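Each protein sequence line maps, in turn, to chains A and B.
Everything in the first sequence is counted per the working numbering, starting at 23 for the first residue and increasing by one.
Everything in the second sequence is counted per the working numbering, starting at 23 for the first residue and increasing by one.
Below: the structure, in structure tokens.
There are 2 protein chains.
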Amino acid sequence: MSDRTEPDGRRARGDASRNVILERATDLASIAGLDGLTIGRLATAAGSSKSSIATLFHSKEGLQLATVAAAREVFTARIIEPARAEPRGAHRLVALLRNAMAYSRDRVFSGGCFFAATAADVDSKPGPVRDAVRAALTDWYRYLELQVEAAIAAGELHTDSASALAFELVSLTEHANARSLLLGSTEPYEVAGRALAERLRAAGASRDALELLDQ
Amino acid sequence: MSDRTEPDGRRARGDASRNVILERATDLASIAGLDGLTIGRLATAAGSSKSSIATLFHSKEGLQLATVAAAREVFTARIIEPARAEPRGAHRLVALLRNAMAYSRDRVFSGGCFFAATAADVDSKPGPVRDAVRAALTDWYRYLELQVEAAIAAGELHTDSASALAFELVSLTEHANARSLLLGSTEPYEVAGRALAERLRAAGASRDALELLDQ
DNA sequence: ATAGTACGCGAACGTTCGTTCGTATACTCG
DNA sequence: CGAGTATACGAACGAACGTTCGCGTACTAT
Chain A
23 MSDRTEPDGR RARGDASRNV ILERATDLAS IAGLDGLTIG RLATAAGSSK SSIATLFHSK
83 EGLQLATVAA AREVFTARII EPARAEPRGA HRLVALLRNA MAYSRDRVFS GGCFFAATAA
143 DVDSKPGPVR DAVRAALTDW YRYLELQVEA AIAAGELHTD SASALAFELV SLTEHANARS
203 LLLGSTEPYE VAGRALAERL RAAGASRDAL ELLDQ
Chain B
23 MSDRTEPDGR RARGDASRNV ILERATDLAS IAGLDGLTIG RLATAAGSSK SSIATLFHSK
83 EGLQLATVAA AREVFTARII EPARAEPRGA HRLVALLRNA MAYSRDRVFS GGCFFAATAA
143 DVDSKPGPVR DAVRAALTDW YRYLELQVEA AIAAGELHTD SASALAFELV SLTEHANARS
203 LLLGSTEPYE VAGRALAERL RAAGASRDAL ELLDQ
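Dropping the structure here:
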């Protein structure tokens with residue numbers, strides 16, 4: 023590297039460094055899990071030093087928590103925010119499912135869905151990191167469920183249990199992610215998409231709500 | 023278990039040690055993944071030494087392969103073999119689903135389904151271990167699909183695509199495993215069980231075939 | 001009986017892990 | 001301006017990693 027003795031005022035924002043590092047960290051963790059996310063590998067991947075990362079995040083647990091938070095922001099920006107353009111209920115529900123599938127299919131993170139990749143190696147050891155991953159997933163599940171409930175209240179869907187229907191829908195999206203990674207194919211997304219549409223149609227979803235799934 | 027402890031037994035001792043170690047190894051890997059399965063921890067868990075494990079399995083990769091094979095045997099013994107008592111088709115399909123849910127719910131491995139726990143941290147790095155895990159899962163998926171096809175051929179089920187229906191069914195069982203581990207609750211198995219029954223009923227499954235799910 | 005093979009363990013190897021310390025530099029604030 | 005804070009790095013730490021070697025011991029094979 024060249025001389026860092028430039029009196030420029032860019033040193034103020036360590037947040038910029040943090041963001042660069044977290045961008046790599048979320049990607050690395052989606053591949054190797056939150057355990058496999060080591061400070062050494064992250065340092066070389068981000069072009070910095072181990073001690074820099076240590077001082078920026080204070081500890082490995084701090085790094086993991088910041089990584090989960092960063093991944094959650096991406097998740098929200100990619101899935102939740104765009105769906106707010108659709109009215110609450112069936113339309114927003116379908117938009118959420120479509121966005122979730124696209125977020126996995128487009129490999130926003132190299133290892134597919136960040137939370138699917140990290141949930142496994144986290145729910146065996148208690149601590150704030152597990153709590154953070156759990157909270158992200160349960161909030162996501164709950165938000166889907168809320169849209170199902172809203173759709174039922176609006177007469178757009180008919181089913182015995184909103185939570186059961188939400189369970190079925192998320193099962194399909196997550197298995198599409200898992201099997202796509204397993205087989206290295208995008209076909210599971212099409213299979214899951216058709217199953218989602220069929221399931222919603224059976225629950226009484228209108229055709230124009232389901233159209234969102236084909237995009 | 024100890025049927026073959028003949029006094030003149032050849033290297034029964036070595037095989038016995040291997041079996042003891044693999045029993046702990048499958049359990050450990052279901053919790054920490056095949057990467058988190060370290061020789062040191064396994065040694066203390068099995069009450070042996072690091073070097074013993076190294077000589078018995080030649081390398082970490084050898085240990086991982088043996089662990090996957092051992093887990094696969096348990097999977098087969100718990101899920102496939104008992105289902106052979108049912109006739110090919112809808113009955114055996116339902117028995118397989120019921121056994122798979124019980125295998126996860128009963129925590130045959132402490133970390134839930136072995137392959138769900140290890141698939142994540144394996145499908146990002148090529149090699150024989152990933153191939154072994156992949157083969158186990160694809161064989162399982164294919165076997166389920168075969169039963170769906172047999173059920174269709176026998177007029178027990180009606181659906182456009184056997185593979186799509188099998189996809190939906192396995193989605194539910196795997197998500198039940200994942201969410202049970204996430205929430206520390208057995209309720210997801212009941213939700214998934216009801217969804218499985220409902221889906222099969224919609225495909226024309228007979229009542230006596232579905233009765234198997236309630237056991 | 002002799003040679004050969006498979007265990008089983010302790011000890012050490014080189015590497016990587018997370019963490020800490022010292023130091024240099026840049027920005028913020030009293 | 002000076003005190004304090006934050007970034008960034010190199011160096012080093014103890015611990016754990018996978019692996020290898022040597023040395024016994026038990027069993028098999030010829």
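The C-beta atom is built at its ideal place from N, Cα and C for all residues, glycine as well.
Nothing here was measured: the structure is a model prediction, and the numbers come from that model.
Minimum C-alpha distance to residue i - residue among the options
i              : options                        : result
V130 (chain B) : B:V151, B:A112, B:I101, B:A107 : B:I101
I53 (chain B)  : A:L234, A:A142, A:A219         : A:A142
T77 (chain B)  : B:A93, B:A112, B:A51, B:D37    : B:D37
E103 (chain B) : B:A51, B:A231, B:N121, B:L56   : B:N121
R152 (chain A) : B:S70, B:E95, B:L205           : B:L205
E95 (chain A)  : A:F137, A:E178, A:L222         : A:F137
S202 (chain B) : A:L222, A:G55, A:S146          : A:S146
A186 (chain A) : B:A158, B:A172, B:A184, B:G215 : B:G215
E178 (chain B) : B:D230, B:P150, B:G134         : B:D230
V155 (chain A) : A:H180, A:A225, A:A67, A:F97   : A:F97
P210 (chain A) : A:H180, A:K72, A:R223, A:E196  : A:E196
G134 (chain B) : B:A68, B:S207, B:F189          : B:S207
I174 (chain B) : B:W162, B:K72, B:A188          : B:A188
A200 (chain B) : A:A107, A:D128, A:V144         : A:V144
P148 (chain A) : A:E83, A:D161, A:S71           : A:E83
R110 (chain B) : B:E212, B:V213, B:L166         : B:L166
Same chain, Cβ closer than 8 Å to residue i, neighbours up to 5 away in sequence not counted
i              : result
A88 (chain B)  : R40, L44, A47, F79
A225 (chain A) : L179, H180, T181, L187
L59 (chain A)  : A47, L50, A51, L85, Q86, T89
V213 (chain B) : A198
Endpoints, alpha helix (DSSP H) assigned at residue i
i              : result
D143 (chain B) : Per DSSP, D143 (chain B) belongs to no alpha helix (DSSP H) and is neither H nor E.
R216 (chain B) : 209-224
F189 (chain B) : 184-205
H113 (chain B) : 112-127
L246 (chain B) : For residue 246 (chain B) there is no data in the structure shown, the boundaries of chain B being 23 and 237.
L59 (chain A)  : Note, L59 (chain A): premise wrong, no alpha helix (DSSP H); not H, not E.
H178 (chain A) : It should be pointed out that residue 178 (chain A) corresponds to Glu in this sequence rather than to His. Where E178 (chain A) is concerned, there is no enclosing alpha helix (DSSP H), given that its DSSP letter is neither H nor E.
S73 (chain B)  : 72-79
Chain-order list of residues whose beta-carbon lies under 6 Å from that of residue i (same chain, five-residue window excluded)
i              : result
Q169 (chain B) : R114, L115
A93 (chain B)  : T48, F136
A107 (chain A) : none
D57 (chain B)  : D143
Close-in-space but distant-in-sequence residues of the same chain around residue i (CB under 7 Å, 5 per side omitted)
i              : result
I75 (chain B)  : I43, I61, L64, A65, L85
L218 (chain A) : L119, L191, L194, L235
D49 (chain A)  : F131, S132
A105 (chain A) : R114, A117, L118, N121
L232 (chain B) : V116, A219, L222, R223
K72 (chain B)  : I61, G62, A65
A67 (chain B)  : R46, L50
Y163 (chain B) : A188, V192
A176 (chain B) : G111
D25 (chain A)  : Summary for D25 (chain A): the model assigns pLDDT 31, below 50, so the residue's position carries little reliability, and this model does not support an answer.
8 Å contact criterion, which residue i and residue j should meet: CB distance rounded
i              : j              : result
S126 (chain A) : A198 (chain A) : 7 Å
A227 (chain A) : A112 (chain A) : 5 Å
G69 (chain B)  : T140 (chain B) : With a Cβ gap of about 24 Å, G69 (chain B) and T140 (chain B) do not count as contacting.
A184 (chain A) : E171 (chain A) : 5 Å
heavy atom of the ligand FMN below 8 Å from residue i C-beta
i             : result
S39 (chain B) : Annotation note on the ligand FMN: not contained in the displayed structure, which lists no ligands.
**Request:** At 4 residues or longer, and completely inside the stretch 82-109 of chain B: list those alpha helix (DSSP H) runs for me, N to C.
**Result:** 82-97
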